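Student: Protein chains in written order, with our numbering: chain A, 1294 to 1693; chain B, 1294 to 1693.
Number of protein chains: 2
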Amino acid sequence: MKINENYLQLKENYLFIDIAKKVNTFTSANPDAKLIRMGIGDVTLPIVPTVVDAMKKAADEMSVKETFRGYEDSGAGYDFLREAVSDYYKKLGADVSTSEIRINDGAKSDCGNITDIFSSDNTVLVTDPVYPVYVDSNIMSGRKIICADSNESNGFAAMPDRSVHADIIYLCSPNNPTGSAYTKAQLEEWVEYAVENDAIIIYDSAYEAFITDPEIPRSIYCIDGAKKCAIEMCSLSKTAGFTGMRCGYTVVPEELIVKTSDGHEVSIAKLWGRRQGSKFNGVSYPVQRAAEAVFTEEGQKQIRENIAYYQENARIIAETLTRCGVPFTGGKNSPYIWLKCPDNMGSWEFFDKLLNEIAVVGTPGAGFGKNGEGWFRLTAFNSKENTIEAMARLEKLFNE
Amino acid sequence: MKINENYLQLKENYLFIDIAKKVNTFTSANPDAKLIRMGIGDVTLPIVPTVVDAMKKAADEMSVKETFRGYEDSGAGYDFLREAVSDYYKKLGADVSTSEIRINDGAKSDCGNITDIFSSDNTVLVTDPVYPVYVDSNIMSGRKIICADSNESNGFAAMPDRSVHADIIYLCSPNNPTGSAYTKAQLEEWVEYAVENDAIIIYDSAYEAFITDPEIPRSIYCIDGAKKCAIEMCSLSKTAGFTGMRCGYTVVPEELIVKTSDGHEVSIAKLWGRRQGSKFNGVSYPVQRAAEAVFTEEGQKQIRENIAYYQENARIIAETLTRCGVPFTGGKNSPYIWLKCPDNMGSWEFFDKLLNEIAVVGTPGAGFGKNGEGWFRLTAFNSKENTIEAMARLEKLFNE
């Protein structure tokens, strides 16, 4: 038995392991220090009541023969949820039909699995700094990976280089880790580039619910022509705190057609449906009912309160950095704040300084790619009290 | 963008579509006929009370900040569930440690996804008749597929041909669709063959809970040496009616080590963990709590009642066929009954006869591979009342 030796090309990612080690060393030496974790990538507020009620009601249905549900016929998600997602897209200004939506157990699965339907012989473009899953899932298939640089000069929002060819393009907006969000004009340029290259954009909109600026599209399908070249993946993880509930959705437009080597046209949605039909059996029924509740009027009201709580934290961080004269991206339209380490410090040097001098933990930008060196990520997912305290400590440090 | 053209080699499977068409035609022409569906592949009894209660309790935990759970750190499953599965294996006579277990959203996902970590340049062996997922997920990766014949002469339990080499071997016992279950001696022979060939067995034990004969192993790990060559996948779908809840588990033993092309040893568990780490984010917390409840004393008592109900149906079918002198496999140790069509009828010919003459629907064996022609699958998942009535009609038909 021969293994897939592409796996041997994967680099171990020690980012969060190294952070944990340093934090452990610090807390052992300073048992009384009040550590504040501003590197949290997970939500911290609980699931809202209307969503929990929906899950419990669905669990009860499962206990009665007449309302029990077994296999979902298509595995693409129940109509009630696909219709709710389609209606939600309407409110975002995008026209997505239920038949173009497949419900999944979180964006990470589909983001990795979608590569199954593409040839290994494609060039993949990622923006750097990058969410490591985009890179690793393509290394596993042996694809060539190239980078578009996100850096201070472009506001950490990399744009296409028309002299470079790519076949598959990963975009994440609002971005993890940089918090930058593409404008309509910028996304139009990416769509043009994709069309010129016969490329497919994999658009990760996991943080769309944090967008407040009406000029920033919340879906790639707000852009003309995107349905001919883009697959969009979203998740309820950050929208409704579903990181432990596990539900999201992927849109593969019907207009997304590619040609085979002998010139036949193939529907990407059909290929993806075939893939999922053989390797996936749908999302848990009570989880789908919980997800449906997110899109109700009451559900939206409740989840918006949680998002507003995180947004307020992000605002507090952004204001502090502005006052301190520290360059940053994000904070607005995103739960992430990506800041420039002061005094030309390296990411890890600044990490050590924050940990050892003010007991605040963040994430070194260098862990997300070469363009992350010298930058640092803070997140809005701690409590308001802790966020205020951490920023007070930070401001004092910067003013020393 | 180039697609993975292996997908163009997939055959469309029209089995259940063709059945539905024929049934529709019949019911239109015979609106008053009482149709009995004996082809049901899904469970029909509801989730047991203790499991539903556990899910609702977990949903409530998610609604409180102090007990809310976000991302699961490893994505391999919570310790509470992995320990429950490990304890369950002990009762089956197999030694499987928690670190060897990964919780999944059903066996189908892992069964398809596991092929990611293997080279395309491997020969895959399936037994025919076959569950189509084994075949399709390997066609998608362009692997060569060979068959071992299950037929009347070997009780529809194919054994290895030592003159043929395979790298990856799919075994399903008790088998879908034939209901046959391998004995200890038979599994020993498969393990020997795998070791001789440096092959890996993918062992699908989804129906293990239906085994009543103490001589039939309920896990491949009841066989000496299996931990050096076998991955086992199981699911709570048939054990506890989880087809709509979605939870299962995959065991990759620590002893399962293979060599790379340059002679280095690689742990399959580590490769699989790497794959899942990039492309999977764990199973919903309330679903994992529901699954945990399946393994409690009360949970086991309740699910055994449901399994006993299906087993009684299987017994009724098997007794009827025995009285009628119809050869069959399964029925004992399995919810499936695989019978020989009378008078040398083809599978579809017999399907039409049952549908049109006694309004009973089953599944033509020809839909599962070449060795299925002339055979027919019935299942134990209808109600006892319907099963008794269907068998009374069948017996009358055979006696005419």
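Backbone N, C-alpha and C fix where the C-beta goes; we use that ideal spot for every residue, glycine too. Keep in mind the model is a prediction, meaning the values are calculated, not measured.
Rounded to the nearest angstrom, what separates Val1412 of chain A and Leu1464 of chain B at their Cα positions?
Tutor: Taking the first sequence and counting its residues from 1, one reaches residue 1412 of chain A at position 119. Taking the second sequence and counting its residues from 1, one reaches residue 1464 of chain B at position 171. Strictly speaking, residue 1412 of chain A in this sequence is Ser, with Val absent from that position. When rounded, the distance between both Cα atoms is 29 Å.
Student: Counting only Cβ pairs nearer than 9 Å, list the residues of chain A close to Ala1474 of chain B.
Tutor: Here residue 1474 of chain B refers to the residue found at position 181 of the second sequence. Those within 9 Å of Ala1474 of chain B in chain A number zero; the least Cβ separation is about 23 Å.
Student: Can you tell which of A:Asn1606, A:Thr1613, A:Val1587 and A:Ser1367 has its C-alpha closest to the C-alpha of Tyr1629 of chain A?
Tutor: Indexing the first sequence from 1 puts residue 1629 of chain A at position 336. The residue with the shortest Cα to Cα distance from Tyr1629 of chain A is A:Asn1606.
Student: List the residues of chain B that Thr1543 of chain A touches, going by C-beta distances under 8 Å, in chain order.
Tutor: To locate residue 1543 of chain A, count along the first sequence from 1; it is residue 250. Under the 8 Å cutoff, chain B gives no residues; its nearest Cβ is about 14 Å from Thr1543 of chain A.
Student: Which residues share a DSSP beta bridge with Lys1437 of chain B?
Tutor: In the second sequence, the residue the question calls residue 1437 of chain B occupies position 144. Answer by DSSP bridge pairing, in chain order: B:Thr1416.
Student: Is Tyr1629 of chain A close to chain B, meaning its C-beta is less than 8 Å from at least one C-beta of that chain?
Tutor: For the purposes of this step, residue 1629 of chain A is taken as residue 336 along the first sequence, with counting starting at 1. No, no contact with chain B.
Student: Is the beta carbon of Pro1546 of chain A sitting closer than 8 Å to the one on Glu1376 of chain A?
Tutor: Taking the first residue of the first sequence as 1, we reach residue 1546 of chain A at position 253. Taking the first residue of the first sequence as 1, we reach residue 1376 of chain A at position 83. Contact flag unset, no.
Student: What is the DSSP secondary structure of Ala1487 of chain B, reduced to helix, strand or coil?
Tutor: Residue mapping note: residue 1487 of chain B aligns to position 194 of the second sequence, counting from 1. Under the three-state reduction of DSSP, Ala1487 of chain B is assigned to helix.
Student: So, Tyr1542 of chain B versus Ile1396 of chain B, is the Cβ gap smaller than 8 Å?
Tutor: Residue 1542 of chain B sits at position 249 when you count from the first residue of the second sequence. Residue 1396 of chain B sits at position 103 when you count from the first residue of the second sequence. Tyr1542 of chain B places its beta carbon less than 8 Å from that of Ile1396 of chain B.
Student: How about Leu1614 of chain B and Val1653 of chain B: do their beta carbons lie closer than 8 Å?
Tutor: As a position in the second sequence, residue 1614 of chain B is number 321, starting the count at 1. As a position in the second sequence, residue 1653 of chain B is number 360, starting the count at 1. It is not a contact, given that the beta carbons lie outside the stated cut-off.
Student: Taking only three categories from DSSP, how would you classify Val1654 of chain A?
Tutor: Here residue 1654 of chain A is taken as the residue at index 361 of the first sequence, counted from 1. Looking at Val1654 of chain A - three-state DSSP - the assignment turns out to be strand.
Student: Just the chain B side, please: which residues come within less than 8 Å of Lys1677 of chain A by C-beta, in chain order?
Tutor: In the first sequence, the residue the question calls residue 1677 of chain A occupies position 384. Within 8 Å Cβ-Cβ: nothing; Lys1677 of chain A doesn't reach chain B, min ~13 Å.
Student: Around the Cβ of Asn1317 of chain A, are there at least 16 other Cβ atoms within 10 angstroms (buried) or fewer (exposed)?
Tutor: Your numbering for residue 1317 of chain A matches position 24 in the first sequence. By the 10 Å Cβ count, Asn1317 of chain A comes out exposed.
Student: Please classify Cys1465 of chain A: does DSSP put it in a helix, a strand, or coil?
Tutor: By one-based count along the first sequence, residue 1465 of chain A stands at place 172. Correct three-state label for Cys1465 of chain A: strand.
Student: Within the 8 Å Cβ cut-off, does Gly1399 of chain B reach chain A?
Tutor: Mapped onto the second sequence, residue 1399 of chain B falls at position 106. So, interface residue.
Student: So which residues of chain B does Glu1365 of chain A contact, with C-beta pairs closer than 8 Å?
Tutor: On the first sequence, residue 1365 of chain A is found 72 positions in, with the first residue counted as 1. In chain order: Gly1537.
Student: Just to confirm, is the Cβ distance from Val1580 of chain B to Cys1515 of chain B under 8 Å?
Tutor: Translated into positions along the second sequence, residue 1580 of chain B becomes position 287. Translated into positions along the second sequence, residue 1515 of chain B becomes position 222. No, the pair does not count as a contact, with Cβ atoms beyond the cut-off.
Student: Going straight from the alpha carbon of Ile1651 of chain A to that of Phe1691 of chain A, what length do you get?
Tutor: Translated into positions along the first sequence, residue 1651 of chain A becomes position 358. Translated into positions along the first sequence, residue 1691 of chain A becomes position 398. In a straight line, the C-alpha of Ile1651 of chain A is about 11 Å away from that of Phe1691 of chain A.
Student: Express the C-alpha separation of Leu1529 of chain B and Glu1591 of chain B in angstroms, rounding to a whole number.
Tutor: Counted from its first residue, the second sequence places residue 1591 of chain B at position 298. Counted from its first residue, the second sequence places residue 1529 of chain B at position 236. Taking the straight line from one Cα to the other gives about 16 Å.
Student: I'd like to know if the segment 1615-1627 of chain B and the segment 1487-1507 of chain B are in contact, where contact means that at least 3 CB-CB pairs between them fall below 8 Å.
Tutor: yes
Student: For Leu1418 of chain A versus Ala1474 of chain A, is the C-beta spacing smaller than 8 Å?
Tutor: Counted from its first residue, the first sequence places residue 1418 of chain A at position 125. Counted from its first residue, the first sequence places residue 1474 of chain A at position 181. No, the pair does not count as a contact, with Cβ atoms beyond the cut-off.
Student: Would you say Ile1422 of chain B lies against chain A (beta-carbon separation less than 8 Å)?
Tutor: Within the second sequence, residue 1422 of chain B is the residue found at index 129, counting from 1. For the sequence presented, residue 1422 of chain B should be read as Pro rather than Ile. Taking Cβ atoms only, chain A never reaches closer than 8 Å to Pro1422 of chain B, which makes this a no.
Student: Can you grab the Cα-Cα spacing for the pair Tyr1382 of chain A / Cys1527 of chain A, in whole Å?
Tutor: Reading the first sequence from its first residue, position 89 is the one you call residue 1382 of chain A. Reading the first sequence from its first residue, position 234 is the one you call residue 1527 of chain A. Whole-angstrom Cα-Cα distance: 11 Å.
Student: Just to confirm, does Leu1687 of chain A get its C-beta within under 7 Å of one of the non-hydrogen atoms of the ligand SAH?
Tutor: With respect to the ligand SAH, the structure offers nothing, as it holds no ligand at all.
Student: Mind checking which residues open and close the alpha helix (DSSP H) that includes Ile1600 of chain B?
Tutor: The residue given as residue 1600 of chain B occupies position 307 in the second sequence. Per DSSP, Ile1600 of chain B belongs to the alpha helix (DSSP H) from Glu1590 to Cys1617.
Student: Along chain A, in chain order, which residues have C-beta atoms closer than 8 Å to that of Arg1259 of chain B?
Tutor: The question about residue 1259 of chain B has no answer, for chain B in this structure spans 1294 to 1693.
Student: Between the segment 1547-1558 of chain B and chain A, which residues of the former have CB atoms less than 7 Å from a CB of the latter, in chain order?
Tutor: Within the segment 1547-1558 of chain B, the residues whose Cβ lies closer than 7 Å to some Cβ of chain A are Val1551, Thr1553 and Ser1554, listed in chain order.
Student: Classify Lys1349 of chain A as buried or exposed, calling it buried when 16 or more other Cβ atoms lie within 10 Å of its own Cβ.
Tutor: Along the first sequence, one-based indexing puts residue 1349 of chain A at 56. Counting Cβ neighbours within 10 Å, Lys1349 of chain A comes out buried, since at least 16 surround it.
Student: How far does the alpha helix (DSSP H) with Phe1309 of chain A in it extend, from its first residue to its last?
Tutor: Numbered from 1 along the first sequence, position 16 holds the residue referred to as residue 1309 of chain A. Taken as a continuous stretch (DSSP letters only), the alpha helix (DSSP H) holding Phe1309 of chain A covers Leu1308 to Ala1322.
Student: Let me see if you follow: with CB-CB separation under 8 Å, is Ala1392 of chain B close to chain A or not?
Tutor: In the second sequence, the residue the question calls residue 1392 of chain B occupies position 99. Sequence inspection shows Ser at residue 1392 of chain B; the Ala mentioned does not correspond to that position. Not closer than 8 Å to any Cβ of chain A, the Cβ of Ser1392 of chain B fails to qualify, so no.
Student: First and last residue of the alpha helix (DSSP H) that includes Ser1571 of chain B?
Tutor: Reading the second sequence from its first residue, position 278 is the one you call residue 1571 of chain B. Start and end: Ile1561 to Lys1572.
Student: Is the CB-CB distance between Asp1421 of chain B and Lys1633 of chain B below 8 Å?
Tutor: Sequence index remark: in the second sequence, residue 1421 of chain B carries index 128 (1-based). Sequence index remark: in the second sequence, residue 1633 of chain B carries index 340 (1-based). No, the Cβ-Cβ distance between Asp1421 of chain B and Lys1633 of chain B is not below 8 Å.
Student: Determine the contact status of Ile1461 of chain B and Met1684 of chain A, defining contact as a CB-CB distance below 8 Å.
Tutor: The count along the second sequence starts at 1 and reaches residue 1461 of chain B at position 168. The count along the first sequence starts at 1 and reaches residue 1684 of chain A at position 391. It is not a contact, given that the beta carbons lie outside the stated cut-off.
Student: Start and end of the alpha helix (DSSP H) containing Leu1687 of chain B?
Tutor: To locate residue 1687 of chain B, count along the second sequence from 1; it is residue 394. Run containing Leu1687 of chain B: Lys1677 to Asn1692, per the alpha helix (DSSP H) assignment.
Student: In or out: Arg1362 of chain B buried (at least 16 other Cβ within 10 Å) or exposed?
Tutor: The residue labelled residue 1362 of chain B in the question sits at position 69 within the second sequence. With 16 or more Cβ atoms within 10 Å of its Cβ, Arg1362 of chain B is classed as buried.
Student: Can you confirm whether the segment 1466-1480 of chain A touches the segment 1436-1450 of chain A when touching is taken to mean that 3 or more C-beta pairs between the two stretches lie within less than 8 Å?
Tutor: yes
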